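Here the numbering used here is used: the sequence shown runs in plain steps of one and ends on residue 649.
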Amino acid sequence: MVEDVGTDEVSDRRTMGDWLSRAWELVPIALQKAKEVSRFPGRWKTIVSKLEEIPSRLSDLSSHPCFSRNVLCKEQLQVLCQTLGEAVCLAELCSMEKYEGKLQMQSDLDSLIGKLDLNLRDCELLIKTGVLGDVTTPNSTTESEASVHGNIRELLARLQIGHLEAKHKALDHLVEIFREDEKKIVAALNQSSISALVQLLTATSPRVREKTVTLICSLAESQSYDDWLVSEGVLPPLIRLLESGSTVGKEKAAISLQSLSILAETSRAIVGNGGVRPLVEICQKGNSVSQVAAASTLKNLSAVPDVRQTLAEEGIVKVMIDILNDGILLGSKEYAAECLQNLTVSNETLRRLVVSENGVQSLLAYLDGPLPQEPAIAAIRNLVASVPIPTLISLGFLPHAAHVLKSGSAGAQQAAASSICHICTLSDVKKLVGEAGCIPLLIRLLESKSSSGSEIAAQAILSMITDSHNRREVKRDEKSIPNLVQLLDPSPHNTAKKYAVLCLGHLSSSKKCKKSMISYGAVGYLKKLAEMDVPGAKKLLERLERGKLRSLLARK
94 MVEDVGTDEV SDRRTMGDWL SRAWELVPIA LQKAKEVSRF PGRWKTIVSK
144 LEEIPSRLSD LSSHPCFSRN VLCKEQLQVL CQTLGEAVCL AELCSMEKYE
194 GKLQMQSDLD SLIGKLDLNL RDCELLIKTG VLGDVTTPNS TTESEASVHG
244 NIRELLARLQ IGHLEAKHKA LDHLVEIFRE DEKKIVAALN QSSISALVQL
294 LTATSPRVRE KTVTLICSLA ESQSYDDWLV SEGVLPPLIR LLESGSTVGK
344 EKAAISLQSL SILAETSRAI VGNGGVRPLV EICQKGNSVS QVAAASTLKN
394 LSAVPDVRQT LAEEGIVKVM IDILNDGILL GSKEYAAECL QNLTVSNETL
444 RRLVVSENGV QSLLAYLDGP LPQEPAIAAI RNLVASVPIP TLISLGFLPH
494 AAHVLKSGSA GAQQAAASSI CHICTLSDVK KLVGEAGCIP LLIRLLESKS
544 SSGSEIAAQA ILSMITDSHN RREVKRDEKS IPNLVQLLDP SPHNTAKKYA
594 VLCLGHLSSS KKCKKSMISY GAVGYLKKLA EMDVPGAKKL LERLERGKLR
644 SLLARK
């Protein structure tokens, strides 16, 4: 029997050179004993082949410039000596047939093969991944910050080598350091440590998986290592955690996917790896935090046109509408509204599905709450063509649209104005829109600093102005003429000019309006627009110039 090579007080005092000498001493002994065993020939043949690989690993390890200064090398040699000692002991027991039972010995030999595999892999990792050069014992003159940085690199290296419990302890320390100062961890990370973290997501220990996904979640939220995380295969194990992880595991996995799904290519990969169904289930059954994260992830996925049909097939429309109605947190409701906005951009089938699930009512109810109005009103704008206009009116759309025009964000106001353009295709509706108080609000929207905002407002006014009641409302508003004239600016970035010309054309039958147009400089603008062949510009210019001539003759 060989002496015990455990990590007791005596073994702790041994130097790196002592352990290397001990390993070189044990290898030929283990090989000789293993080759002499006649029982369990298949297993011992495998053990012999692995023992024969050890000398080359020891040579590579000991010839590295950083070998003598690396704490992990010493630990690795200790573990290797323990494995070699175990091989010698098992060989002697088998040769003397003094083992307790055949099945127990077979299990012990399988365990030995696993340990030898791990020893060989860890030695190779120390040599090939750069860990050996990174992790060194700090000398006495090293500053504290450099010492901490070296310790972090050692902890990251421990994720790649050794047994699971050691990796678990390293994870504990890393999570603690990350909470205190994430920059220290981020500065020390490399692709091999990211790869090791991803592999630990599939560890047999639930505790290790939970700690690992906590750290990966933090890295994903920092958005510093998204490419490495995805390229190292983080998506499938995160999705599996969504399906069967602990409460914390599901929560952290959902938040990780929320951060990673910002990129369209990653969103496609999440869908391709079966991530939609577990995300939908989290939205239905998860706690408040995980529901928000899952809803946000699905919102990100819905921004990619080619996966929308897959999302619909997994029931996303009904789930998002349910969240609008009964979401646990306000944040999940906002993400649900954004998701419905994305889904209804161009797909008529999805629009009809949203309408059939009473989505319009839910979106209108959302507008009454404290959350940003833009996603909901934009979703309604997408749905207007798919909903009978009388139904839309009966659901109270017009008061909501007026409210958004009055107090919504610039984007929400534009969406509301665009919706009004759509519903004004029926003449009897135009008057209702005017009576809802939308006209003065649209006239103010003409002053929008955004060219798209002023264009949509002018288009909405044009869609309503053919109604005599609405036309009188526009004429009465003191801001209407000056705002429309300002939109005659011929510069290329002004996309509202063609609608402004047509609106002013409808108002030019009034002498008062014509005088006002002339006084605000419409003639000069129209001359340039007529040269540019803008529809209606030449005709309106002729009207104004005739009026100008009559006024001049009358004064004379």
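Just so it is clear, CB atoms sit at the ideal spot from N, CA and C, and this is done for glycine as well. All figures in this text were calculated on a predicted structure; none of them were measured in a lab.
Sub-8 Å separation of residue i and residue j beta-carbons
i    : j    : result
L350 : G368 : yes
G489 : Q466 : no
D215 : G178 : no
L328 : I309 : no
L456 : L491 : no
N563 : K591 : no
C517 : K568 : no
T300 : H266 : In the sequence as displayed, the identity of residue 300 is Arg instead of Thr. Contact flag unset, no.
P583 : K608 : no
I473 : S512 : yes
L173 : N212 : yes
L252 : L202 : no
N393 : E344 : no
S395 : N366 : no
W117 : K167 : no
A510 : L476 : no
E407 : V373 : yes
L597 : A615 : yes
L577 : A593 : yes
F271 : S317 : no
Per-residue burial, residue i [other beta carbons within 10 Å of its own, 16 or more giving buried]
i    : result
S233 : The predicted model places S233 with a pLDDT of 39, which falls under 50 and marks its position as unreliable; any figure quoted below should be read in that light. By the neighbour-count rule (16 or more Cβ atoms within 10 Å), S233 is not buried but exposed.
A508 : buried
K126 : buried
P121 : exposed
K426 : buried
R302 : buried
H586 : exposed
K195 : exposed
G617 : exposed
L535 : buried
C519 : Note on residue identity: the sequence assigns Leu, not Cys, to residue 519. Burial call: exposed.
N451 : exposed
A280 : exposed
G629 : buried
E548 : buried
G527 : buried
K304 : buried
P134 : exposed
S389 : buried
A239 : The predicted position of A239 is uncertain, since its pLDDT is 40 and thus under 50; a value taken from the coordinates is nonetheless stated next. That one is exposed.
T359 : buried
L634 : buried
A478 : exposed
Q197 : exposed
S602 : exposed
Q199 : exposed
E566 : buried
L218 : buried
Residue range of the unbroken alpha helix (DSSP H) whose run includes residue i
i    : result
M189 : 164-189
S502 : From DSSP, S502 is part of no alpha helix (DSSP H); its letter is neither H nor E.
N563 : 561-569
P585 : No alpha helix (DSSP H) contains P585, which DSSP labels as neither H nor E.
I473 : 467-476
T340 : 340-353
N393 : 381-395
R134 : At residue 134 the sequence reads Pro, which differs from the Arg that was named. P134 -> alpha helix (DSSP H) spans 134-144.
G424 : 423-436
T359 : 357-365
V306 : 299-315
8 Å contact criterion, which residue i and residue j should meet: CB distance rounded
i    : j    : result
I220 : D153 : 5 Å
L248 : S298 : The Cβ separation is near 18 Å, so there is no contact.
L404 : L391 : 7 Å
A503 : A551 : The Cβ separation is near 15 Å, so there is no contact.
I482 : V522 : 6 Å
V480 : V453 : 6 Å
A357 : I375 : About 22 Å; that fails the 8 Å criterion.
Y613 : I558 : With 8 Å as the limit, Y613 and I558 do not qualify as a contact, their Cβ atoms being about 18 Å apart.
L294 : P330 : 4 Å
Answer yes if the stretch 206-220 comes into contact with the stretch 267-275, meaning at least three C-beta pairs across the two stretches below 8 Å, and no otherwise. No: the two stretches stay apart, fewer than three of their Cβ pairs being nearer than 8 Å.
Given 8 Å, three or more beta-carbon pairs between the stretch 374-385 and the stretch 395-403: no
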